[in-house]
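Enquirer: Questions regarding the structure given below will be posed in turn.
2 protein chains.
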Amino acid sequence: MSRESAFIDSLRAIATHPAARGLADDAAVLGDLVLTHDMIVEGVHFLPADPPADIAWKLAAVNLSDLAAKGATPLGALIGYGLTGDAAWDAAFAAGLAAALDQFGLPLLGGDTVSLPAGAPRTLGMTAIGRAPPGGAPARSGARAGDGLFVTGTVGDAGLGLAMAQGRLEGPAALGDAYRRPVPLIAAGQALAAQVSAMMDVSDGLLIDAARMADASGLALRVDLDRVPLSPALVAVSGGGRAARIAAATAGDDYQLLFAAAAPPAGLPCPVTRIGAFSAGRGLSLCDAGTPVSLPDRLGYLHD
Amino acid sequence: MSRESAFIDSLRAIATHPAARGLADDAAVLGDLVLTHDMIVEGVHFLPADPPADIAWKLAAVNLSDLAAKGATPLGALIGYGLTGDAAWDAAFAAGLAAALDQFGLPLLGGDTVSLPAGAPRTLGMTAIGRAPPGGAPARSGARAGDGLFVTGTVGDAGLGLAMAQGRLEGPAALGDAYRRPVPLIAAGQALAAQVSAMMDVSDGLLIDAARMADASGLALRVDLDRVPLSPALVAVSGGGRAARIAAATAGDDYQLLFAAAAPPAGLPCPVTRIGAFSAGRGLSLCDAGTPVSLPDRLGYLHD
């Protein structure tokens, strides 16, 4: 067991309140409030050379994506900010944060600013608070046998964007933007909330997150690799073959919404694709054009 | 201007929502919710050799003290935890957190766990959410000319406890406990909320925090040094002379409640002492047995 999951298990033993949802959901749901907290660390979640405004954007976006996955309406955010003594970086971060919060309509309500010791990596946290949708916030664990598995938009773009940011790949700006400036799907989450039996966001990779939804729901899940939606930019760079599809379905940072539903949802502001089906049983399986395919060794980004 | 306050000023320019209270209060107040976030960093807010269970206690206590200062009833907490690869430390922290949250009746609702790069200082955050008192959460800025300044309990004990933890002083265990295990005054805060015109907790030092209340309220404030309440343990170690009183009134980490009220409050579960008075004007002044005394150079813990 990894060091992260051992510690999370010990937290899970503490978090017995129903609002905690066993620490197995994107957010806590306390009455009509949805609450989430994410930390990002230099060298782990972002690159030291990433522009500060992009990091501010991403900090807000990843938190809002958790709210989107519960169909919530954002109410505000608190920030935790570690200063490293680089005033120009801090000023650029603050300007980027102002722009991102304005773009997302997310009021900054408070937080804490601390000085980090010399040499410490930048460490940032954000708590986002939202209002649950009228019918309640969908859980990860609600999928039913017979439901389809659906995903919004396209996946894999951010993974190629990361490779571009690391200098491992050249590609179109659209892929870089997907990595640097993910867009939380707040309106889609609100429209979906009453139409889904389970929902989460894709943060660590489509396959690993889909496997988590199936596990949490106590069901088996088949994913149809040939139906995984890819962007034209991704296909242009990596082709649309099986290897490219597996890479796209195991890259992280997509922040698309993944959901289980008995029927295709209506009234959405974005495209949705049916990519699989839940059934009685346990475990994830993969098909490509109707033919069973072995699961890759790595289903997504695994925290060490 | 310090680097911390320059950055806070830039956040203040973003945080225009009334719930943010200009980032000049202990917590955000959004409708009937009170929200606070605090970060603590190894080498800055705690010593590397401090027991993990004490750090878990303190993380919860400092957040709850912010809720206490607004008279709020705690609803739950989210944690942000940076793993450093020391599983024994993490396990001891988790056990201490379980004990502290149980003691305080604070449900753990969620949060995030991340891996820190090798050598990074431990960095922890907590967000606490509470329900505002029925009459609303008192602000720091509500003091009125003619109000008295009051403080609960005694001050200065934690400052001596820190000196003991650093090996600079020998003293009784009660002082060490005040530093290691501060007790958030939730019940006192609830009882005070409807009786005060302004309230905050004493985190950076009595004089600096009192000066902040006066500034926020646009008033002058006189503090009577001879009335500052000292514990028998503190008096036994440092005497009760003027220097000891100034040291006690400028040490941090007390987590007592400081408030402005027209009359002494009733129905409190802890002692309260009147230590000064607000009047028209600006600025902090100090008296000792009726004689004006110069302000010390340092009013409390100043963030760099």
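Protein chains in written order, with the working numbering: chain L, 49 to 352; chain E, 49 to 352. Cβ coordinates follow ideal geometry from the N, Cα and C atoms, glycine included. Treat the numbers as computed from the prediction; the structure is a model and nothing was measured.
Less than 7 Å between CB atoms is the rule here; does F55 of chain L satisfy it with respect to chain E?
Expert: Locating residue 55 of chain L in the first sequence gives position 7, where the first residue counts as 1. Closer than 7 Å: yes.
Enquirer: Can you tell me where the beta strand (DSSP E) with S265 of chain L in it begins and where it stops?
Expert: Here residue 265 of chain L refers to the residue found at position 217 when the first sequence is read from its first residue. S265 of chain L -> not in any beta strand (DSSP E); alpha helix (DSSP H) instead, spanning 254-265.
Enquirer: Tell me, please, which residues DSSP counts as bridged to M247 of chain E.
Expert: For the purposes of this step, residue 247 of chain E is identified with residue 199 of the second sequence, where counting begins at 1. Paired residue(s): E:F307.
Enquirer: Within the region 108-195 of chain E, note down every full alpha helix (DSSP H) run reaching 4 residues or more, in order along the chain.
Expert: Whole alpha helix (DSSP H) segments, 4+ residues: 135-152.
Enquirer: Along the region 122-140 of chain L, what residues have a CB closer than 8 Å to any CB found in chain E?
Expert: Against chain E - using a Cβ distance shorter than 8 Å - the residues of the region 122-140 of chain L are L123, G124, L126, I127, G128, Y129, G130, L131, G133, A135, D138, A139.
Enquirer: Compute the beta-carbon to beta-carbon distance between T121 of chain E and G79 of chain E, rounded to the nearest angstrom, for a pair I have assumed lies under 8 Å.
Expert: For the purposes of this step, residue 121 of chain E is taken as residue 73 along the second sequence, with counting starting at 1. For the purposes of this step, residue 79 of chain E is taken as residue 31 along the second sequence, with counting starting at 1. 14 Å between Cβ atoms; not a contact.
Enquirer: Does any CB atom of chain L fall closer than 7 Å to the CB of A142 of chain E?
Expert: Residue 142 of chain E sits at position 94 when you count from the first residue of the second sequence. Closer than 7 Å: yes.
Enquirer: Compute the minimum distance between the beta carbon of A221 of chain L and the heavy atoms of the ligand COA, and state whether it is under 6 Å.
Expert: Ligands displayed in this structure: none; no statement on the ligand COA is therefore possible.
Enquirer: From this set, L:L233, L:G201, L:A75, L:I56, which residue's C-alpha is nearest A296 of chain L's C-alpha?
Expert: Position 248 of the first sequence, counted from the first residue, corresponds to residue 296 of chain L. The residue with the shortest Cα to Cα distance from A296 of chain L is L:G201.
Enquirer: Using a Cβ cut-off of 7 Å (strictly closer), state whether I62 of chain L contacts chain E.
Expert: Translated into positions along the first sequence, residue 62 of chain L becomes position 14. Yes, I62 of chain L counts as interfacial toward chain E.
Enquirer: Quick one: does V89 of chain E have its CB under 7 Å from some CB of chain L?
Expert: In the second sequence, counting from the first residue as 1, residue 89 of chain E sits at position 41. Yes, its Cβ sits closer than 7 Å to a Cβ of chain L.
Enquirer: Got a sec: which bits of the region 277-304 of chain L sit with their beta carbon under 9 Å from any beta carbon on chain E, in order along the chain?
Expert: Per Cβ criterion, the list is empty.
Enquirer: Locate the alpha helix (DSSP H) running through V283 of chain L, then write down its first and last residues.
Expert: Numbered from its first residue, the first sequence carries residue 283 of chain L at position 235. Start and end: 280-286.
Enquirer: Quick check on DSSP: helix, strand or coil for G201 of chain L?
Expert: Residue mapping note: residue 201 of chain L aligns to position 153 of the first sequence, counting from 1. Reduced to three states, the DSSP call for G201 of chain L is coil.
Enquirer: Would D252 of chain L count as contacting chain E if we go by Cβ distances under 7 Å?
Expert: Locating residue 252 of chain L in the first sequence gives position 204, where the first residue counts as 1. For D252 of chain L, the answer is no, since every Cβ of chain E falls outside 7 Å of its Cβ.
Enquirer: Below 7 Å CB to CB, which residues in the same chain sit around R60 of chain E once its five sequence neighbours on both sides are set aside?
Expert: Translated into the one-based positions of the second sequence, residue 60 of chain E becomes position 12. Once the five neighbours on either side are set aside, the close Cβ partners of R60 of chain E are G70, L71.
Enquirer: Suppose the cutoff is 7 Å on Cβ atoms and the five residues either side in sequence are ignored; what does the same chain contact list for L112 of chain L look like?
Expert: Here residue 112 of chain L refers to the residue found at position 64 when the first sequence is read from its first residue. Cβ neighbours of L112 of chain L beyond the five flanking positions: P122, F152, L154, A176, P232, I234.
Enquirer: Rounded to whole angstroms, how far is the Cβ of A101 of chain E from the Cβ of A147 of chain E, which I believe are closer than 8 Å?
Expert: By 1-based counting over the second sequence, the position of residue 101 of chain E is 53. By 1-based counting over the second sequence, the position of residue 147 of chain E is 99. Right, the Cβ-Cβ distance comes to about 7 Å (below 8 Å), so this counts as a contact.
Enquirer: Suppose the cutoff is 7 Å on Cβ atoms and the five residues either side in sequence are ignored; what does the same chain contact list for G91 of chain E look like?
Expert: Here residue 91 of chain E refers to the residue found at position 43 when the second sequence is read from its first residue. Counting only Cβ-Cβ distances below 7 Å, and skipping sequence neighbours, we find P169.
Enquirer: Taking 7 Å as the cut-off, decide whether the C-beta atoms of A246 of chain L and R188 of chain L are in contact.
Expert: The sequence position of residue 246 of chain L within the first sequence is 198, counting from 1. The sequence position of residue 188 of chain L within the first sequence is 140, counting from 1. In this structure, R188 of chain L lies closer than 7 Å to A246 of chain L by Cβ.
Enquirer: Please confirm whether L112 of chain L has its beta-carbon closer than 7 Å to some beta-carbon of chain E.
Expert: Mapped onto the first sequence, residue 112 of chain L falls at position 64. It does not; no Cβ of chain E falls within 7 Å.
Enquirer: Go ahead and label R346 of chain L buried or exposed: buried means 16 or more other beta carbons lie within 10 angstroms of its beta carbon, across all protein chains shown.
Expert: Stepping through the first sequence from its first residue, residue 346 of chain L is reached at position 298. Classification of R346 of chain L: exposed, given that the 10 Å Cβ count is below 16.
Enquirer: Does the Cβ of Q214 of chain E have 16 or more other Cβ atoms within 10 Å, making it buried, or fewer, making it exposed?
Expert: Here residue 214 of chain E is taken as the residue at index 166 of the second sequence, counted from 1. So Q214 of chain E ends up on the exposed side.
Enquirer: Short check: CB of D134 of chain E to CB of F326 of chain E, under 7 Å?
Expert: By one-based count along the second sequence, residue 134 of chain E stands at place 86. By one-based count along the second sequence, residue 326 of chain E stands at place 278. No, the pair does not count as a contact, with Cβ atoms beyond the cut-off.
Enquirer: Measure from the alpha carbon of D57 of chain L to the alpha carbon of each residue in E:S333, E:D138, E:A54, E:L255, then state which is nearest.
Expert: Within the first sequence, the letter at position 9 stands for residue 57 of chain L. Looking at the Cα atoms, E:D138 is the closest of the given residues.
Enquirer: Starting from D336 of chain L and walking both ways along the beta strand (DSSP E), at which residues does that stretch end?
Expert: In the first sequence, the residue the question calls residue 336 of chain L occupies position 288. That run of the beta strand (DSSP E) goes 331-336.
Enquirer: Does chain E have any CB closer than 7 Å to the CB of S58 of chain L?
Expert: Taking the first sequence and counting its residues from 1, the one referred to as residue 58 of chain L is at position 10. Yes, because at least one Cβ of chain E sits closer than 7 Å to the Cβ of S58 of chain L.
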